[in-house]
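Structure first, commentary second.
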Amino acid sequence: MNKRILLWAAIALLLFGLANIILGKHPDSTGSQGNLPYSAFLEHVENHRVASVHIEGRFVSGTLEKGGAFKTYIPDVGDPGLMPLLRAKGVEISAAPVQNEGSFFNTLLSWFPMLLLIGVWIFFMRRMGGAGGGGGLGGFGKSQAHLLHRDMRIVTFADVAGVDEAKAEVEEIVEFLRDPYRFEVLGGKIPKGVLLVGPPGTGKTLLARAIAGEANVPFFTVSGSGFVEMFVGVGAARVRDMFAQAKKNAPCIIFIDELDAVGRHRGAGIGGGNDEREQTLNQILVEMDGFETNEGVIIVAATNRPDVLDPAILRPGRFDRQVVVPVPDVLGREQILKVHTRKIRMAGNIDLRKIARGTPGLSGADLANLANEAALLAARKRKHTVTSADFEEAKDKVLMGAERRSMVMSDDEKKLTAYHEAGHAIVTLNVPVSDPLHKVTIIPRGRALGVTMSLPERDHLSVSLLKLESRLIILFGGRVAEELVFGAKHVSTGASNDILQATRIARAMVSEYGMSEKLGLVRYRTDEEEVFLGHSIGQQKNVSNRTAELIDEEVRDIISYAAKRALDILTEHREDLTRLAEALLEHETLSGEDIKRLLAGEDIQGNREYDEKPAGGRMPLHGSVPETGTRPEKGKGNPDGTL
4 MNKRILLWAA IALLLFGLAN IILGKHPDST GSQGNLPYSA FLEHVENHRV
54 ASVHIEGRFV SGTLEKGGAF KTYIPDVGDP GLMPLLRAKG VEISAAPVQN
104 EGSFFNTLLS WFPMLLLIGV WIFFMRRMGG AGGGGGLGGF GKSQAHLLHR
154 DMRIVTFADV AGVDEAKAEV EEIVEFLRDP YRFEVLGGKI PKGVLLVGPP
204 GTGKTLLARA IAGEANVPFF TVSGSGFVEM FVGVGAARVR DMFAQAKKNA
254 PCIIFIDELD AVGRHRGAGI GGGNDEREQT LNQILVEMDG FETNEGVIIV
304 AATNRPDVLD PAILRPGRFD RQVVVPVPDV LGREQILKVH TRKIRMAGNI
354 DLRKIARGTP GLSGADLANL ANEAALLAAR KRKHTVTSAD FEEAKDKVLM
404 GAERRSMVMS DDEKKLTAYH EAGHAIVTLN VPVSDPLHKV TIIPRGRALG
454 VTMSLPERDH LSVSLLKLES RLIILFGGRV AEELVFGAKH VSTGASNDIL
504 QATRIARAMV SEYGMSEKLG LVRYRTDEEE VFLGHSIGQQ KNVSNRTAEL
554 IDEEVRDIIS YAAKRALDIL TEHREDLTRL AEALLEHETL SGEDIKRLLA
604 GEDIQGNREY DEKPAGGRMP LHGSVPETGT RPEKGKGNPD GTL
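Quick note on numbering: this note's numbering labels position 433 of the sequence shown as 436, and the sequence is numbered without any gaps.
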């Protein structure tokens with residue numbers, strides 16, 4: 004920063020000095036024009052008023068007969084009759100050559116604008132080259148990979164939890180980097196490339212850093228987008244430079260994050276095989292084939308879009324091993340929470356297993372955010388330790404969004420929201436299959452005016468037809484409750500998200516899950532984007548018009564049946580619906596245990612603490628949203644019915 008300031012200060016001083024020279028000292032400049040007009044000067048000569056003159060180029064100075072000095076400037080066209088006139092009038096004449104005329108200074112001055120432009124161009128090219136890591140004009144093609152030195156690396160496998168299978172897959176890479184001879188003596192070859200595949204936030208980058216930390220080798224990291232530039236050939240040059248640096252530091256690891264940015268299926272670009280991204284991918288493929296495993300350079304890449312990668316990059320000999328980094332199960336979530344709560348001062352009664360059971364579907368990044376939110380909430384309340392209540396509040400914030408207690412709701416809106424959420428809750432308690440009811444609130448959270456939250460007791464790997472039907476009935480509980488209590492003319496837009504989720508589930512049941520008797524065990528695709536060999540080929544309609552009509556009819560029948568079943572349940576339990584809605588208006592938030600006690604005729608307190616609530620897993624959310632088409636923030640339930 005200081006060098007940049009000094010550079011611009013020097014340029015400013017140079018320009019200022021040159022301006023002074025040009026405008027102040029050069030005799031031909033306009034700043035040196037005389038104070039006597041040339042016509043007046045000629046008139047003075049004609050009338051014998053000029054005593055002497057001194058001529059320097061077209062610049063004339065002199066003295067008058069009555070005293071006094073003058074200056075004037077001969078016009079550009081010149082005046083050939085001036086010298087005869089001066090001699091005829093007896094004027095004393097002296098002359099001198101123009102100062103520095105034809106000197107090196109004037110030559111340099113005439114070239115100054117061009118030199119200035121060249122200097123500015125060189126300066127910016129050096130800056131662009133420096134961004135590539137090499138500096139100079141040639142640095143534009145230098146690799147942007149950053150080397151993490153051994154003293155900077157503190158991540159080990161102890162910092163990675165919840166992905167035991169993935170860690171087992173990469174342990175042999177660590178062993179190879181530590182002792183390559185043990186593999187080579189038996190003729191074994193370590194994979195050249197390892198591709199980490201998994202949803203966002205599951206710890207792919209962290210696992211790659213842990214590999215380098217355990218092996219104690221140099222670790223080069225670069226993003227896939229760091230190779231691609233607007234100039235063709237730059238990306239390929241950066242790939243060559245990166246591999247050259249890696250070979251000098253072998254054994255080492257090259258980690259390419261978001262590989263799909265550069266490794267997409269070839270032939271999809273407008274420029275065919277000549278565009279920059281495809282040339283970069285070609286260079287990566289060539290480099291991976293161009294060095295032997297005993298050089299100790301291993302490529303680790305990460306992506307959450309393996310379906311769009313070029314098939315050539317996944318073949319044996321390149322990225323020939325795929326390590327899946329999945330969303331953690333309950334045991335993995337407990338281990339992740341232990342890692343992220345190491346530095347948190349927690350109360351002794353916190354059960355991380357309980358918290359893990361209540362957060363299925365959350366990734367490692369989500370759990371890290373949950374632990375951090377709990378610590379921030381405790382600090383905001385000036386507590387000395389983080390309690391279970393803080394973790395419960397943090398979990399609600401992560402899953403359902405932050406509370407919006409400052410949002411002003413009219414009594415009518417609050418009452419309608421209370422009956423809407425009570426409808427969801429009553430239906431949840433009376434359908435054939437449902438997850439345990441965890442919490443109901445009419446406090447606005449995110450974009451939802453109220454939330455009904457159900458938490459499964461364990462992770463679900465598949466969903467039955469009976470559970471999907473029950474899920475649809477629960478989704479229509481809120482809308483049906485509004486219509487049952489307030490009439491069809493007073494229903495609100497709060498069920499827009501419920502209708503959206505129900506439509507998606509019903510359409511998936513018909514066209515993907517084979518759960519329709521009329522359409523059979525066939526998977527149908529309607530107007531959706533088709534992908535061939537990882538390359539999008541646009542919108543394709545793979546069903547006939549008659550089949551599309553049958554799908555629409557089946558979806559409508561499934562949804563109508565779910566809405567009718569919700570109406571039957573709420574009509575049968577109308578008193579429970581009213582009792583629960585009135586309790587929500589009084590307490591605003593009720594736990595699942597509170598609701599069970601309320602419907603059993605017992606007294607409740609509302610807003611019970613976390614350790615008084617039953618342990619549960621993850622939800623679907625049923626939110627009353629204020630605008631059509633909006634969805635509750637932080638809702639983690641999959642709308643297609645997979646939980």
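Note that beta-carbon positions come from the ideal geometry of N, C-alpha and C, so glycine has one too. Treat the numbers as computed from the prediction; the structure is a model and nothing was measured.
Rounded to a whole number of angstroms, what is the C-alpha to C-alpha distance between residue i and residue j?
i    : j    : result
A618 : R360 : With a pLDDT of 36 at A618, under the threshold of 50, the modelled position of that residue is not reliable, and no figure is offered here.
D414 : D399 : 25 Å
M412 : L419 : 11 Å
F729 : V300 : A question about residue 729 goes unanswered here, because the residues of the chain that appear run from 4 up to 646.
K417 : H423 : 10 Å
K442 : S226 : 42 Å
G367 : K521 : 42 Å
G196 : G190 : 18 Å
V488 : T574 : 10 Å
V434 : K207 : 40 Å
A98  : P116 : 33 Å
E557 : S519 : 7 Å
G404 : L180 : 45 Å
L536 : R308 : Here L536 scores only 41 on pLDDT, less than 50, and its place in the model should not be relied on; the value that follows carries that caveat. Looking at the two C-alpha atoms, the distance is approximately 13 Å.
A374 : L340 : 7 Å
V242 : H268 : 18 Å
I176 : I358 : 34 Å
S594 : L402 : 15 Å
E589 : L198 : 54 Å
P331 : D579 : 38 Å
A240 : V163 : 34 Å
V525 : R407 : 46 Å
T550 : G523 : 12 Å
E178 : L312 : 29 Å
H576 : E585 : 15 Å
L475 : R348 : 43 Å
V158 : N219 : 10 Å
I256 : T344 : 30 Å
Buried or exposed for residue i, going by 16 or more other Cβ atoms inside 10 Å?
i    : result
A346 : One point to set straight first is that residue 346 is Lys, not Ala, in the sequence displayed. The residue is exposed, with fewer than 16 neighbouring Cβ atoms inside 10 Å.
V53  : buried
H387 : exposed
P363 : buried
M291 : buried
P459 : buried
V454 : buried
G604 : exposed
Y184 : exposed
L380 : buried
V436 : exposed
For residue i, which of the options has the nearest alpha-carbon?
i    : options                : result
V303 : T224, E290, A392       : T224
V265 : L440, I287, F322       : I287
F258 : H268, T306, N285       : T306
D560 : M403, I572, R336, M512 : M512
F322 : N50, W114, L458, P194  : P194
R450 : G497, G60, G71         : G497
R356 : Q338, L365, D369       : Q338
S228 : L284, L209, A218, F222 : L284
E172 : V326, R448, G453       : V326
A237 : R324, G204, R280, L262 : Looking at the sequence itself, residue 237 is Val, so the reference to Ala does not match. Comparing Cα-Cα distances from V237 to each of R324, G204, R280, L262, the minimum goes to R280.
G70  : G335, H51, G426, R461  : H51
A213 : L334, L469, A169       : A169
I446 : F44, T592, I598        : T592
G490 : S64, T506, L570        : L570
Since residue i sits in a beta bridge, which residues does DSSP pair it with?
i    : result
T444 : V454, T592
R407 : Beta-bridge pairing links R407 to no other residue.
M349 : V389
A72  : T66
G200 : Per the sequence presented here, residue 200 reads as Val, with Gly not at that position. T306, V327, per the DSSP bridge assignment.
V56  : G65, I96
I301 : I256
R267 : L312
Using a Cβ-Cβ distance under 8 Å, would residue i count as near chain B?
i    : result
R474 : Among the protein chains of the structure shown there is no chain B, as only one such chain exists.
Segments assigned alpha helix (DSSP H), at least 4 residues, entirely inside the segment 465–532: Whole alpha helix (DSSP H) segments, 4+ residues: 468–478, 480–489, 499–514.
Alpha helix (DSSP H) runs contained entirely in the segment 349–378, provided each spans 4 or more residues: Every alpha helix (DSSP H) stretch that sits fully inside the segment 349–378 and reaches 4 residues is listed by chain position as 355–360.
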